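Trainee:
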Amino acid sequence: MTASLTPTDGTYFRACNLCEAICGLQLTVRGGAVVDVRGDPGDPLSRGHICPKGAVIADIHTDPDRLKRPLRRDGETWTELGWDEALDYVAARLREVQAKHGPDSVAVYQGNPSVHNSGTLLSAGGFVRSLGSRSRYSATSMDQLPHHFAAAEMFGHPLLLPIPDVDRTDYFLMLGANPLASNGSIMTAPGMAGRLKAVRARGGKVVLLDPRRTESAAAADEHHFIRPGSDALFLLALLNVIFAEDLAEVGRLAEFTDGLNELRAAAEPFTPQRVAAATGVDAATIQRLAREFAGAERGVIYGRIGLSLQAFGGLCQWLLNALNLVTGNLDREGGAMWPLPAFDLLGRVKKGQSYHGRWRSRVRGLPEFDGEFPVAALAEEFQTPGEGQLKAFVTIAGNPVLSTPNGEALDEALANAEFMVSIDPYLNATTRRAEVILPPAVGLETQHYDVVFHHFAVRNTARISDPIFPIAEDQRFDYQIFEGLRQRLSGETGSSPDERLELGLKHGPRRTSLAELRAAPHGRDYGPMQPSLPGRLLTANGRINAAPAVMLADLPRLEKVLNAQVPELVLIGRRQLRSNNSWMHNVPRLMRGANRCTLMLSGADAARLGITDGQSVEVRSRVGAVTVPAEITDTLMAGVVSLPHGFGHGKVGVRLGVAAAHAGASLNDLTDPEYLDELTGNTAASGVAVTVKPTGAVGESAAD
């Protein structure tokens, strides 16, 4: 490192931007290097908590595989380019494809890291709009679209997601969530182990339903197995009991809520006795949990990725909101509430806007949501000839070959694209198909403000993180890359992230500024969430819609599950504390220890299939097969197997030394693009029918 790129020795404070928890960090720099990273005890949200990812944030900065200058591929050879040359070339090629095939022939995919960097979040949109293409995709329709769909239908906007007030609740009922591994997830709550412990310490109760006895089960008073994909039936049965036994207490919300009678009627057929066999939860337990939840002084029900990644994700998220509503736990302390962030993305939103089904995909007619098509349609739109076929691809901080359905099919499609460019700091399983890679500065080199996650946080705080390390002359920030492309494509220029942040903070609900935030290096604390309805609602009539017509119309599809034949084995994913999707596997300290890309299965299933612990097994779905080691466990219910997502780094051309040494296999080589939540278009990665068979002796695995 040259002297010009060396920061001054001292102590620095910033928020970790590696996951949703946005923990405060305290970093010590000596001799131009980070020598110590620990949790910032002064951060009002994280209060000193740190996870293994945050502890190694400096390792990402020093990663020798991280790209810093543009690359252009010629066959299997990569050559560095100057920035002006690279941006000129990319803009010309994109326009060339669009002139030949139309504006929608260029597809854009934005990955999960886009929302972990305010430079990307605040500047990528101008570039995308300059393309004029409707062919937009993102990671949203892999794991959280049902949340946004339900929020838009019930409350008027995709970002009006009710957040559990976990710090003040007395009864925390969770489904399909593992907050000890995720630190929340659409519930920004660092240090969840301590927060759940506090619920129990004040005399409250924590209950978890999940097909796997996860890390979070150890922090709960009760854990119950539930069959993958049956959660909507369970939730309707809870509503059934609450209505049938006159336990509903809507309270003041009734004054501005429509559809309560329709909601009651929808739940009436789904008695606990009727759904018990399909869910795997006995009727007596369902009745008891319904009574306990409704009877709690302050309760909240929360469901996350296990509910979103299934065939009835939209219904699940609607029913969660409905349960909080009918028990009076919506918009009150200890229930589900809405944060009021200093930079409020909802501040100027018009009421009554439409977000769903305004246009549809070319091949299957899948509806858009908030301007994006489901990622399940991406590969087929490249592969299917005809007018409107995708011909070029832009990826922004994403790895869709590993993170979208039937990744092998997408990989093959991208190999035949006319042009592809990736704005990404790594040469990974997806970007290796690009003709040009434009790598932005990352992490400790960038300024960051968590624009999105303050909308999901369990406490209202704000914090600006300034760069610690300067960048070299031949590096560029993400917003410089996007603005450079935008200017070349449209001749227009946009405001900088700083200008947008300053404006939003000044006119936001806290009337603050970047200068005021910089004067508080540990962050500003604006206190706990407060009731905000009906003023926060963005529906056309300013009222809650408790029974949206699209939700009611989807119930007959759910009804069929009650008598459907259950597959012998179904696949679910698995979150891991030392990972975040596919982009944390190149850090040596995070990859230490035993192989984590294993297929978990119950002892009963292993015995039935003749599988021993550690043995290589083939897992096969309708669309593909992978080979991984078996891990026999008592934490899974029978008939369910579990494979973590984010692995599969062994493809030829990947330049990720550590990740390739722990390549594993991609869960999404098994995910079926035709298996969707038909209501929302979200991929149903949980509950995919699979077969499993042994392929070798113990220790023999293609994933080693």
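What the sequence shown shows, in full-length UniProt numbering, is residues 1 to 704, in sequence order. Even glycine gets a Cβ: it sits at the ideal position worked out from N, Cα and C. Since the model is a prediction, treat every value here as computed from it, not as a measurement.
Tell me whether Met187 sits in a helix, a strand or coil according to DSSP, three-state version.
Mentor: Position 187 of the sequence shown, counted from the start, is the residue given in the question as residue 187. In this structure, Met187 counts as coil in the three-state DSSP scheme.
Trainee: Take Thr214 and list the residues in its own chain whose beta-carbon comes closer than 6 Å to its own, dropping the five residues that flank it on each side.
Mentor: Looking up residue 214 in the sequence shown gives position 214. Counting only Cβ-Cβ distances below 6 Å, and skipping sequence neighbours, we find Asn178.
Trainee: Return yes when the Cβ of Val623 is within less than 9 Å of the Cβ of Glu408, no when it is not.
Mentor: Your numbering for residue 408 matches position 408 in the sequence shown. Your numbering for residue 623 matches position 623 in the sequence shown. Yes, the pair counts as a contact, with Cβ atoms nearer than the cut-off.
Trainee: Tell me the residue span of the alpha helix (DSSP H) that contains Glu96.
Mentor: Counting from 1 along the sequence shown, the entry for residue 96 is found at position 96. 83 to 101 is the span of the alpha helix (DSSP H), which, as asked, contains Glu96.
Trainee: Using a threshold of 9 Å, state whether the C-beta atoms of Phe373 and Arg136 are closer than that.
Mentor: As a position in the sequence shown, residue 373 is number 373, starting the count at 1. As a position in the sequence shown, residue 136 is number 136, starting the count at 1. Going by C-beta atoms, Phe373 is nearer than 9 Å to Arg136.
Trainee: To the nearest angstrom, how far is it from the Cα of Lys53 to the Cα of Val436?
Mentor: For this step, residue 53 is matched to residue 53 along the sequence shown. For this step, residue 436 is matched to residue 436 along the sequence shown. The straight-line gap from Cα to Cα measures roughly 29 Å.
Trainee: Taking a contact to mean a Cβ-Cβ separation below 9 Å, would you say Leu196 touches Ser216 in this structure?
Mentor: One-based indexing of the sequence shown puts residue 196 at position 196. One-based indexing of the sequence shown puts residue 216 at position 216. Cβ distance < 9 Å, so Leu196 and Ser216 count as in contact.
Trainee: For the structure I just gave you, are there three or more beta carbon pairs, one from the segment 359 to 366 and one from the segment 378 to 396, closer than 8 Å?
Mentor: Yes, since at least three Cβ pairs between the segment 359 to 366 and the segment 378 to 396 fall closer than 8 Å, the two stretches touch.
Trainee: Taking the alpha-carbon positions, what's the Pro64 to Gly443 distance?
Mentor: For the purposes of this step, residue 64 is identified with residue 64 of the sequence shown, where counting begins at 1. For the purposes of this step, residue 443 is identified with residue 443 of the sequence shown, where counting begins at 1. Cα to Cα, Pro64 sits roughly 14 Å from Gly443.
Trainee: Quick one: using the 10 Å Cβ neighbour count with 16 as the cut-off for buried, is Ala3 buried or exposed?
Mentor: Translated into positions along the sequence shown, residue 3 becomes position 3. With a pLDDT of 44 at Ala3, under the threshold of 50, the modelled position of that residue is not reliable, and no figure is offered here.
Trainee: Looking at the structure shown, is Asp331 part of a helix, part of a strand, or coil, going by DSSP?
Mentor: Stepping through the sequence shown from its first residue, residue 331 is reached at position 331. It is coil, neither helix nor strand.
Trainee: Whole angstroms are fine: how far does the CA of Gln565 sit from the CA of Ala278?
Mentor: For the purposes of this step, residue 278 is taken as the residue at position 278 of the sequence shown. For the purposes of this step, residue 565 is taken as the residue at position 565 of the sequence shown. The straight-line gap from Cα to Cα measures roughly 10 Å.
Trainee: Exposed or buried, which one is Lys560 when buried takes at least 16 other CB atoms within 10 Å?
Mentor: Along the sequence shown, one-based indexing puts residue 560 at 560. Answer is exposed; the Cβ neighbour count stays below 16.
Trainee: Just mark His507 as buried or exposed, buried being the case when its beta carbon has 16 or more other beta carbons within 10 Å.
Mentor: By one-based count along the sequence shown, residue 507 stands at place 507. Exposed: under 16 other Cβ atoms inside 10 Å.
Trainee: Once DSSP output is grouped into helix, strand and coil, what is the label at Ile242?
Mentor: Residue 242 sits at position 242 when you count from the first residue of the sequence shown. The answer is helix: DSSP assigns Ile242 an H, G or I state.
Trainee: Kindly indicate which three-state DSSP category Ile572 falls into: helix, strand or coil?
Mentor: Residue 572 sits at position 572 when you count from the first residue of the sequence shown. In the structure shown, Ile572 sits in a strand (DSSP, three-state: E or B).
Trainee: Helix, strand or coil for Phe155? Go by DSSP, reduced to three states.
Mentor: For the purposes of this step, residue 155 is identified with residue 155 of the sequence shown, where counting begins at 1. DSSP places Phe155 in helix when its eight states are reduced to three.
Trainee: Does the structure place the segment 654 to 673 close enough to the segment 393 to 405 that three or more beta carbon pairs sit under 8 Å?
Mentor: Yes, they touch.
Trainee: I'd like the span of the beta strand (DSSP E) that includes Trp359, first residue to last.
Mentor: As a first step, residue 359 must be located in the sequence shown, where it is residue number 359. Note, Trp359: beta strand (DSSP E), 356 to 360.
Trainee: Under three-state DSSP, which class holds Arg393?
Mentor: Reading the sequence shown from its first residue, position 393 is the one you call residue 393. Note that residue 393 is Phe in the sequence shown here, rather than Arg. DSSP places Phe393 in strand when its eight states are reduced to three.
Trainee: Pull up the CB-CB distance for Val56 and Leu590, whole angstroms please, since I reckon it's below 8 Å.
Mentor: Position 56 of the sequence shown, counted from the first residue, corresponds to residue 56. Position 590 of the sequence shown, counted from the first residue, corresponds to residue 590. Contact holds; Cβ gap of about 6 Å.
Trainee: Note the first and the last residue of the continuous alpha helix (DSSP H) segment covering Arg608.
Mentor: Within the sequence shown, residue 608 is the residue found at index 608, counting from 1. Taken as a continuous stretch (DSSP letters only), the alpha helix (DSSP H) holding Arg608 covers 603 to 609.
Trainee: Residues in its own chain within less than 6 Å of Leu27 by CB, not counting five upstream and five downstream?
Mentor: As a first step, residue 27 must be located in the sequence shown, where it is residue number 27. Excluding sequence neighbours, Leu27 sits near Tyr12, Val34, Val37.
Trainee: So what does Leu439 bridge to, in DSSP terms?
Mentor: Residue mapping note: residue 439 aligns to position 439 of the sequence shown, counting from 1. Inspection of the sequence shows that residue 439 is occupied by Pro rather than by Leu. Answer is none; Pro439 lacks a bridge partner.
Trainee: Note down the Cα distance separating Asn321 from Pro162, rounded to an integer number of angstroms.
Mentor: Taking the first residue of the sequence shown as position 1, residue 321 is located at position 321. Taking the first residue of the sequence shown as position 1, residue 162 is located at position 162. Each residue's alpha carbon lies about 8 Å from the other.
Trainee: Quick check on the burial criterion: 16 or more other C-beta atoms within 10 angstroms. Buried or exposed for Thr79?
Mentor: In the sequence shown, residue 79 corresponds to position 79, counting from 1. It counts as exposed.
Trainee: So what's Ile481 in DSSP terms, helix, strand or just coil?
Mentor: Your numbering for residue 481 matches position 481 in the sequence shown. Looking at Ile481 - three-state DSSP - the assignment turns out to be helix.
Trainee: From Phe97 to Ala152, what distance separates their C-alpha atoms?
Mentor: Translated into positions along the sequence shown, residue 97 becomes position 97. Translated into positions along the sequence shown, residue 152 becomes position 152. With the sequence shown as reference, residue 97 is identified as Val, and Phe is not the correct amino acid for it. Cα-Cα distance, rounded: 35 Å.
Trainee: Does Trp78 come out as helix, strand or coil in the three-state DSSP assignment?
Mentor: By one-based count along the sequence shown, residue 78 stands at place 78. Correct three-state label for Trp78: strand.
Trainee: Measuring only the C-alpha atoms, how far is Asp704 from Gly303?
Mentor: On the sequence shown, position 704 is the one that residue 704 refers to. On the sequence shown, position 303 is the one that residue 303 refers to. Below a pLDDT of 50, predicted positions are generally treated as unreliable, and Asp704, at 34, falls in that range; the measurement from the model is reported next regardless. Those two C-alpha atoms are separated by around 34 Å.
Trainee: With DSSP as the reference, label Asp554 as helix, strand or coil.
Mentor: Stepping through the sequence shown from its first residue, residue 554 is reached at position 554. Looking at Asp554 - three-state DSSP - the assignment turns out to be helix.
Trainee: Entirely within the segment 608 to 667 and at least 3 residues each: give me those beta strand (DSSP E) ranges in chain order.
Mentor: Qualifying beta strand (DSSP E) stretches, in chain order: 615 to 620, 625 to 633, 640 to 642.
Trainee: Measuring CB to CB, does Leu679 end up less than 9 Å from Leu160?
Mentor: Reading the sequence shown from its first residue, position 679 is the one you call residue 679. Reading the sequence shown from its first residue, position 160 is the one you call residue 160. The answer is no: Cβ separation not under 9 Å.
Trainee: Taking the alpha-carbon positions, what's the Met1 to Arg134 distance?
Mentor: The residue labelled residue 1 in the question sits at position 1 within the sequence shown. The residue labelled residue 134 in the question sits at position 134 within the sequence shown. Low confidence applies here, because Met1 scores a pLDDT of 36, under 50, leaving its location unreliable; read the following figure in that light. Rounded to the nearest angstrom, the two C-alpha atoms are 43 Å apart.
Trainee: Smallest Cα separation from Ile305: which of Pro534, Met637, Pro644, Gly535?
Mentor: Within the sequence shown, numbered from 1, the residue matching residue 305 stands at position 305. Nearest option by C-alpha distance: Pro644.
Trainee: Quick check on the burial criterion: 16 or more other C-beta atoms within 10 angstroms. Buried or exposed for Ile268?
Mentor: On the sequence shown, position 268 is the one that residue 268 refers to. One point to set straight first is that residue 268 is Glu, not Ile, in the sequence displayed. Classification of Glu268: exposed, given that the 10 Å Cβ count is below 16.
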